[in-house]
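Scroll down for the structure; my scribbles are underneath it.
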Amino acid sequence: METNKPRNIFLRILCGFWRFLDQSRRAVANILFLVIVIALFAVALKEDKSFTIEKGSALVLKPHGIIVDQKTYRPPIDKLMEEASGGREERPETALQDILDVLRNAASDKRISALVLDLDALQGAGLNKLQTIGHAIEKFKASGKPVIAKAVFYDQNRYYLAAYADEIYTDPEGGVMITGYGRYRTYFKSLLDNIGVKYHVFKVGTYKSAVEPFIRDNMSEAAKEANMRWLSVLWDAYKQDVAKARGLTPEDIENYVLEMPQRLKTLGGDFTKLAVESRLVDGTKDDIAFNDYMKSKVGAADNGKTFRKVSFYQYLKEIRPVIPKKQEHPNQIALIHAVGPIMDGEQPEGRIGGDTLARLIRKARLNDKVKAIVMRVDSPGGSAYASEVIRREILAAQKAGKKVVVSMSTYAASGGYWISANADQIWAQPTTITGSIGIFGMLPTFEKPMQKIGIHRDGVGTTPLTNPYDPMSGMDPQFAEMFQQAIYHGYDRFLEVVAKGRGMTKAQVDKIAQGRVWIGVDAKKLGLVDELGGLDKAIESAAKLANIEDDYEVIEIKREHEPFDELLNKLFAKVGWPTVSVPLLDSQFGRQMVTTFKPVLDRLSRMNDPRGIYVDCLCTLEP
């Protein structure tokens with residue numbers, strides 16, 4: 000016993016010292032966090048007397064990242080820890096409604112004399128969202144205020160918005176790159192064969208191409224046929240809109256793309272000169288020249304360094320109340336966003352949780368003031384079970400006397416269509432991607448690579464189905480047949496849902512289903528949607544269906560965050576988040592790797608259907 004005492008004493012001292020360090024670390028962390036919160040409160044509560052909108056200012060609309068119907072939610076603590084550890088900022092997003100609200104207010108604001116479209120930070124948007132913003136810019140121009148666009152270089156999305164401007168300028172080293180629309184995917188069959196991974200695929204529908212990357216090395220002819228149809232509609236719409244806005248013809252835009260290689264060769268590779276000669280831009284101005292030009296149009300700011308202006312985010316804070324007014328109107332239309340892939344259970348904004356969205360619809364159903372529900376759908380689909388959970392809640396709302404109208408955004412396909420089919424009315428835009436009425440399941444097995452490295456599985460069971468599917472050892476043929484039968488049943492169920500919702504027979508639906516993706520204009524002809532138009536038209540229609548068109552108020556019903564998270568989000572919004580650069584990921588190679596593989600990994604990670612059955616179109620496009 001005596002010989003163990005020194006060791007025990009040493010261990011006790013070491014453990015005590017470790018507890019002291021651990022408690023000290025926690026205390027320091029808590030103190031630092033408290034200091035941060037106090038500092039944020041001070042910033043938030045301090046009245047900003049330094050900023051005022053000068054009369055005659057230009058509103059600078061500079062959308063960052065991707066334009067979305069609903070911004071992806073990220074817990075503020077995660078943001079804080081990510082930035083503190085030098086993590087890379089997620090792709091930025093700008094809410095479509097924020098842009099529309101700013102343009103609508105600025106048109107009648109006497110302090111605003113012009114609009115500058117600064118498009119360098121725009122990374123992408125669905126064509127229907129760009130069209131909505133374009134129409135808002137036209138309404139702004141109707142006020143008599145000029146619109147000037149600038150960018151170092153215009154890609155296809157940036158140029159669409161720029162086309163609505165009265166004047167378009169690019170950098171002397173810039174230009175305009177328009178390419179058309181395409182759909183390209185990465186195919187893995189040979190890779191999976193080489194490493195011995197087998198994807199057991201179960202599907203129904205000639206055009207259900209979502210599973211093709213795992214069973215083919217190229218796009219099937221059926222998929223090419225369907226894709227080319229809706230891509231052509233998008234491209235025609237783009238050319239017509241841009242040509243009309245610029246006083247050109249669609250053929251001018253088409254020829255610009257087709258003749259670009261030869262004309263660039265003639266011009267010595269000068270993109271800027273090509274854009275000017277083609278009348279796509281009005282001239283070239285670098286940042287210094289543009290600043291001087293705007294000073295001549297709207298005047299110099301008080302500091303004399305720049306032109307008189309107000310940024311998009313400053314103006315948004317100006318027009319948005321700090322404390323939203325309490326909703327008391329007796330006739331309300333509930334606006335509910337369904338944005339992102341559909342997944343089982345609870346999910347934050349950026350993904351549609353079956354339980355989460357169903358609860359929001361239920362909240363509207365139980366509110367006596369809500370007379371109609373408008374669900375804004377921007378989703379390629381996902382979990383079949385979660386889609387059904389949402390649909391059931393829509394049926395319950397209708398049974399309770401609520402009118403339900405769906406407004407389709409960029410995508411409302413597969414599961415996005417499943418949750419829309421039973422609405423009293425469906426609105427889509429001409430360029431909405433919808434349909435894809437089909438179903439599939441995918442289950443991987445890794446028996447071959449496991450055997451190669453010496454890992455084997457064996458055992459006994461009381462029935463042949465005790466272990467029907469084991470990723471390590473394979474799949475029982477009986478189970479595979481059972482799973483395929485479940486897929487057939489799921490497809491039949493999908494046809495039944497659509498037939499009942501759209502007043503068609505299952506045979507009629509089957510003819511236009513088979514997993515095929517349809518563009519909005521075709522979907523209307525086929526009876527998959529009722530009307531073509533944006534969110535505002537859908538809301539007006541909902542009011543009319545509910546007999547409240549003369550007196551109503553629109554309220555947004557959204558997920559309630561934790562009170563502390565909500566507070567921090569508001570505080571952080573005032574001080575902003577720094578952008579952290581990771582050289583490898585910011586390189587061309589890094590961006591290409593992320594572009595190629597991240598979407599595939601994201602899609603696999605969101606497949607959490609409890610039965611492994613999906614209604615997902617996976618229908619993205621470039622650019």
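FYI, numbering that gives the first Met the number 0 numbers position 261 of the sequence shown as 260, with every residue one higher than the one before it.
Every residue gets a Cβ at the ideal spot worked out from N, C-alpha and C, and that includes glycine.
Discussion item. Is the separation between the beta-carbon of Ala420 and that of Gly489 shorter than 8 Å?
Written reply: In this structure, the beta-carbon distance from Ala420 to Gly489 does not fall below 8 Å.
Worksheet entry | Three CB pairs or more closer than 8 Å across the stretch 503-513 and the stretch 392-399 | No contact exists between the stretch 503-513 and the stretch 392-399.
Worksheet item: Which of the three DSSP states, helix, strand or coil, is assigned to Ala385?
Response: In the displayed model, Ala385 falls within a helix according to three-state DSSP.
Worksheet item: To which residues does DSSP link Arg375 through a beta bridge?
Response: DSSP lists His336, Ser406 as the beta-bridge partner residues of Arg375.
Worksheet item: Does any residue of chain B bring its CB to less than 8 Å from the CB of Gly352?
Response: Here there is only one protein chain, and chain B is not present.
Item to complete: List the whole-angstrom C-beta distance separating Asp170 from Asp269, where the pair is believed to meet the contact cut-off of C-beta under 8 Å.
Response: In this structure Asp170 does not touch Asp269 by the C-beta definition: roughly 12 Å separates them, more than the 8 Å allowed.
Item to complete: Have a look at Lys140 and Val309 and give me their C-alpha separation to the nearest angstrom.
Response: If I take the Cα positions, the gap works out to 18 Å.
Practice prompt. Just the C-alpha distance for Pro379 and Met342, rounded to the nearest angstrom, thanks.
Written response: Separation of Pro379 and Met342 (C-alpha to C-alpha, rounded to the nearest whole angstrom) is 11 Å.
Worksheet item: First and last residue of the beta strand (DSSP E) that includes Phe152?
Response: 146-153 is the extent of the beta strand (DSSP E) around Phe152.
Fill in: Delimiting residues of the beta strand (DSSP E) encompassing Ala57
First-last of the beta strand (DSSP E) with Ala57: 56-60.
Item to complete: Could you tell me whether the Cβ atoms of Lys144 and Ala113 are closer together than 8 Å?
Response: Yes. Within cutoff.
Discussion item. If contacts are defined as beta-carbon pairs under 8 Å, then Asn330 and Glu552 qualify, I think. What distance do you get, rounded to the angstrom?
Written reply: Confirmed, Cβ separation roughly 7 Å.
Discussion item. Which same chain residues end up closer than 8 Å to Ala244 when comparing Cβ atoms and leaving out the 5 residues on each side of it in sequence?
Written reply: Correct list, in chain order: Gly133, Ala162, Tyr163.
Worksheet item: So, Gly519 versus Leu531, is the Cβ gap smaller than 8 Å?
Response: Going by C-beta atoms, Gly519 is nearer than 8 Å to Leu531.
Worksheet item: Can you tell me the Cα-Cα spacing of Ile628 and Thr355, whole angstroms?
Response: Here the chain comprises residues numbered 0 to 622, so residue 628 is not present and cannot be evaluated.
Worksheet entry | Beta carbon of Leu263 nearer than 8 Å to that of Thr430 | In this structure, Leu263 sits away from Thr430, with a CB-CB distance that is not shorter than 8 Å.
Fill in: Asp47 to Val614 span [Cα, whole Å]
Caution is warranted here: a pLDDT of 48 is assigned to Asp47, below 50, making its placement in the model unreliable, and no coordinate value can be reported.
Fill in: Local conformation of Met481 per DSSP, three classes
Under the three-state reduction of DSSP, Met481 is assigned to helix.
Practice prompt. Compare the C-alpha of Asp291 against each of Ser277, Asn302, Val280, Phe306 and name the closest.
Written response: The shortest CA-to-CA distance from Asp291 to any of Ser277, Asn302, Val280, Phe306 is the one to Phe306.
Discussion item. Between which residues of its own chain and Gln483 is the CB-CB distance below 8 Å, once the five residues before and five after are set aside?
Written reply: In chain order, Phe201 place their CB closer than 8 Å to the CB of Gln483, counting only its own chain and leaving out the 5 sequence neighbours on each side.
Worksheet item: Where Gln155 and Arg492 are concerned, what is the direct C-alpha to C-alpha distance, given to the nearest angstrom?
Response: In a straight line, the C-alpha of Gln155 is about 40 Å away from that of Arg492.
Item to complete: Less than 8 Å between the CB atoms is what I'm expecting for Phe311 and Lys61, so what's the real figure, rounded?
Response: The pair is a contact, with the Cβ atoms about 6 Å apart (cut-off 8 Å).
Worksheet item: For His63, which residues from the same chain have a beta carbon less than 6 Å from its beta carbon, with the 5 sequence-adjacent residues on both sides left out?
Response: Around His63: Pro91, Thr93, Ala120.
Fill in: Cβ shell of Pro448 (< 6 Å), same chain only, five flanking positions each side left out
Sequence-distant partners of Pro448 (beyond 5 residues in either direction) whose C-beta falls short of 6 Å from its own C-beta, in its chain, are Ile194, Gly195.
Discussion item. Restricting to Cα atoms, I'd like to know which of Val388, Pro260, Ile432 is closest to Leu230.
Written reply: Nearest of Val388, Pro260, Ile432 to Leu230, Cα basis: Ile432.
Discussion item. Would Val403 and Ile452 qualify as a contact pair, given that the criterion is a beta-carbon distance under 8 Å?
Written reply: When the beta-carbon positions are compared, Val403 and Ile452 stay at least 8 Å from each other.
Worksheet entry | Buried or exposed (CB count within 10 angstroms, at least 16 for buried), Cys616 | By the 10 Å Cβ count, Cys616 comes out buried.
Item to complete: Find out if the Cβ-Cβ distance for the pair Ala274, Ile556 is shorter than 8 Å.
Response: Between Ala274 and Ile556, the CB-CB gap reaches or exceeds 8 Å.
Worksheet item: Around the C-beta of Tyr314, are 16 or more other C-beta atoms found within 10 angstroms, so that it is buried, or is it exposed?
Response: Buried.
Worksheet entry | 7 Å CB neighbourhood of Asp68 in its chain, flanking five on each side removed | Correct list, in chain order: Leu95, His336, Val338, Arg375, Asp377, Ser408.
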